[in-house]
Amino acid sequence: MTILVQLRYNDQVMFERYSKNVLAEYLRSFVFGVEDSLASTVGLLSGVAIAGVSRETILLTGAILILVESFSMAMGDFLSEYSSESYMRQAEVSSHRSFIAALIMFFSYLLAGLIPLFPYFILTPEFAVWLSIGLSLLALFSLGIVGAKISNINALRSGFRMFLVGGAAIFVGIFVGIFFSNR
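Mapping of the sequence shown onto our numbering: position 158 corresponds to residue 165, and the numbering continues sequentially without gaps.
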């Protein structure tokens, strides 16, 4: 199956054909980036906030995490996609698709990471932590539904799966924060 995608560049319309496999790679990068960003960022921020550090420390920690992980995840995605494609073809391949997947990973991680960080800009850590967790869980559930709609699978089941898997990672951060704040 080939899908035709319309692209615009400098007011010129260009078309590019993508196979279903290529679009699946890009969807994987997007879902992986968003889920990992939401779960790890809110898990870390919740743990740090519950441990009782200042708002400034939470914001600095969150910003560093999001920027470093966005870049790291993108580079990891680039290298793994390139290696996988080279293995499948048993030859050197163009890095074009791997680069696009890496960009998708970078921006999905970066933008999703802002969701759990945002409440700390406007609320005290004691209140922000709960809004951050709630927004992140809602975003995870929504991501599961959107992914299911694209993949033509059960939306509610996918939403709850994403909610539970991401929620488990969030719980780990909360647990570690509580554990170390009681020492």
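Glycine included, C-beta positions come from ideal geometry on N, C-alpha and C.
{"query": "Secondary structure of V20, DSSP reduced to three states", "result": "Note on V20: pLDDT 48, under 50, position unreliable in the model; no value is reported."}
{"query": "Proximity below 8 Å, CB of G69 to CB of G180", "result": "no"}
{"query": "Cα-Cα separation between A146 and S93, rounded to whole angstroms", "result": "34 Å"}
{"query": "CB-CB length for S77 against Y89, believed under 8 Å", "result": "Actually they are not in contact, since the Cβ atoms of S77 and Y89 sit about 19 Å apart, beyond 8 Å."}
{"query": "Rounded distance between the beta-carbons of A56 and P207, thought under 8 Å", "result": "Look at the range of the chain in this structure, 8 to 190, and you will see that residue 207 is not part of it."}
{"query": "Minimum length 4: unbroken alpha helix (DSSP H) runs contained in the segment 37-109", "result": "62-96"}
{"query": "Alpha-carbon spacing of F85 relative to F106, whole angstroms", "result": "6 Å"}
{"query": "C-alpha gap between S61 and I71, whole angstroms", "result": "16 Å"}
{"query": "First and last residue of the uninterrupted alpha helix (DSSP H) at L163", "result": "A162 to S188"}
{"query": "N28 - DSSP class collapsed to helix/strand/coil", "result": "helix"}
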